[in-house]
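These notes concern the structure reproduced below.
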Amino acid sequence: MTGLTEQLSATTLLRFATAGSVDDGKSTLVGRLLHDSKSILTDQLEAVEAASLKRGQEAPDLALLTDGLRAEREQGITIDVAYRYFATTRRRFILADTPGHVQYTRNMVTGASTAELAVVLVDARNGVVEQTRRHAAVAALLRVPHVVLAVNKMDLVEYAEPVFAAIAEEFTAYAASLGVPEITAIPISALAGDNVVEPSANMDWYGGPTVLEHLETVPVSHDLAGCKARFPVQYVIRPQTAEHPDYRGYAGQIASGALRVGEAVTVLPSGRTSTITGIDALGEAVDIAWAPQSVTVTLADDLDISRGDLIAPSGSAPRTTQDVEATVCHVADQPLTVGQRVLLKHTTRTVKAIVKEIPSRLTLDDLSQHPDPGQLVANDIGRVKVRTAEPLALDAYRDSRRTGSFLLIDPADGTTLAAGMAGDSFAAEAVKAVADDEGWDF
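Following the working numbering from start to finish, the sequence shown increments by one per residue and tops out at 444.
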């Protein structure tokens, strides 16, 4: 019963991100979503109304609900990732409103890195543009399992079905070619509220869900118990008291899968083995625990285990390596160069490393590879080969977004240089777009 309760609790939370080109209406969509779902406080709405009147707007500008920085309000653009938390009777949400400008691609990577769903907006008047393709590619790189194409500003094209159908067909074919597993197209008007929370009377030809309805009902892949178990050790508990003179527990958060008492495990990178003798969750002894629970694990043997080690079932333990090949998104203003010494942070483990090679830089406009660029600068996405001073138990990112990801850090000042995804860039076998008679599917 406890397992069922925990699983239901997990599936009631959806992390999603919004993306799109400049002025496609992301912030307005988010504001409309919050407003129409009654997820904003009265004083927040009053502040937006006052700010809108000050700018000479009769109706409240709902984009101001997310554009919190002064520079964002003055320029009418989104610069940084804005996180919003809201809930309906069916699900809780963590929303990341990400910027649309090319120079803020790194911000979108930050916002979408933990998202289970991405909403990509397109202006119905402009259709699929370069930045739309760029955001679809980033979503594919980050293995976001669900992508929603929100064709916005349908009121400005007279709610024409053929306009929506053409955009949906083009985007679906492109995203599917990148390996995006699920794409849902929804025609909306964020400004007028059509198909955001309430169904649109202006588009009776559309029979699919509203944006909120889809967000509330999309299956969330929280079946981490079905994944291979990974337990990065955060802290070693040694009370050494009269009551617990020999107690040695390993505390941390289960990254994926499930751990069971009596299970044979391997500790990495040492490769030593033992058996789980106890699991403590919230002060209570349990026989099984699963991601993302925080627990303390005890083992049958006194092994040399410290922060940064990884405990995994012996039958499915990852291989360790000192040679890391990955796709990285460079997020720092200073470039990443061949031969540069860095720190690599993977789960709770941080090791010294050196950038041995930068084989290519990805051009997101057309997905072409620019060979041997020599360096990566801010917002660049490229392939790197890194040699670490110590072995790492690194999974492929396609298998685990948690244990297949890492950060490259400047050892001098602790600045994050790049976010990395181990293994292949896109899905190994990209899904081929199969259009129906109309070219899109509800």
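Where a beta carbon is used, it is the ideal one built from N, C-alpha and C, also for glycine.
Under DSSP, the beta-bridge partners assigned to M423 are T329 and S407.
Considering only A114, D289 and Q336, the residue with the shortest C-alpha distance to E265 is D289. In the three-state reduction of the DSSP assignment, N128 falls in the coil class, being assigned neither a helical nor a strand state. Contact check for F95 against L180 fails: the beta carbons are separated by 8 Å or more. With a contact defined as Cβ atoms closer than 8 Å, A314 and T268 qualify at about 6 Å.
As computed with DSSP, A395 is found in a beta bridge with T322. With a beta-carbon spacing of about 6 Å, T390 and L346 fall inside the 8 Å limit used to define contacts. Three or more pairs of CB atoms, one per stretch, sit closer than 8 Å, so the stretch 299-308 contacts the stretch 278-289. Comparing alpha carbon positions, the residue from F408, G425 and P373 closest to R400 is G425. Straight through space, the alpha carbons of E163 and A187 are spaced by roughly 12 Å. By the C-beta density criterion, P101 is buried, having at least 16 other C-beta atoms within 10 angstroms.
Sequence-distant Cβ neighbours of T339 in its own chain, meaning closer than 6 Å and more than five residues away, are Q377. Per DSSP, L35 is one residue of the alpha helix (DSSP H) stretching across K28 to D38.
Taking a 10 Å sphere around the C-beta of P373, we find fewer than 16 other C-beta atoms and assign the residue as exposed. Note: L364 is bridge-paired with Q371 and I383 in the DSSP secondary-structure output. The continuous stretches of beta strand (DSSP E) do not include G264, and DSSP gives it neither H nor E.
Q242 sits in coil when the DSSP states are folded into three classes, being neither helix nor strand.
Taking T20 as reference, the option from D196, T14 and E118 with the minimal CA-CA separation is E118. Minimum Cα-Cα distance from V388 among the listed residues K40, F233, P241 and Q324 corresponds to Q324. Rounded to whole angstroms, R34 and A192 show a C-alpha spacing of 6 Å. Secondary structure note for Y176: its alpha helix (DSSP H) is the uninterrupted segment E163 to S179.
Rounded to the nearest whole angstrom, the C-alpha separation of A355 and R309 is 18 Å. Residue burial annotation: R240 is exposed, with fewer than 16 other C-beta atoms found within 10 angstroms of its C-beta. The closest CA to that of G416, considering only Q336, S202, S115 and A395, is found on Q336. G210 carries a coil assignment under DSSP once its states are collapsed to helix, strand and coil. The C-alpha of M205 lies about 6 Å from the C-alpha of Y161.
8 Å or more divides the Cβ of A231 from the Cβ of V182.
Nearest in C-alpha terms to F88, of all of I256, V330, H37 and G254, is H37. Of the candidates L214, T329 and V222, L214 places its Cα closest to the Cα of T90.
Taking the Cα positions, L409 is about 9 Å away from T349.
Here K155 is buried. Its C-beta has 16 or more other C-beta atoms within 10 Å. With fewer than 16 other CB atoms across the displayed protein chains lying within 10 angstroms of its CB, T219 is exposed. Here the alpha carbon of I307 sits roughly 38 Å from the alpha carbon of P221. Sequence-distant partners of H332 (beyond 5 residues in either direction) whose C-beta falls short of 8 Å from its own C-beta, in its chain, are R108, L338, L378, V379, A380, N381, D382, I383, G384, L419 and A420. Put simply, the backbone Cα of S258 is about 30 Å away from that of R343. Here the alpha carbon of V357 sits roughly 46 Å from the alpha carbon of A167.
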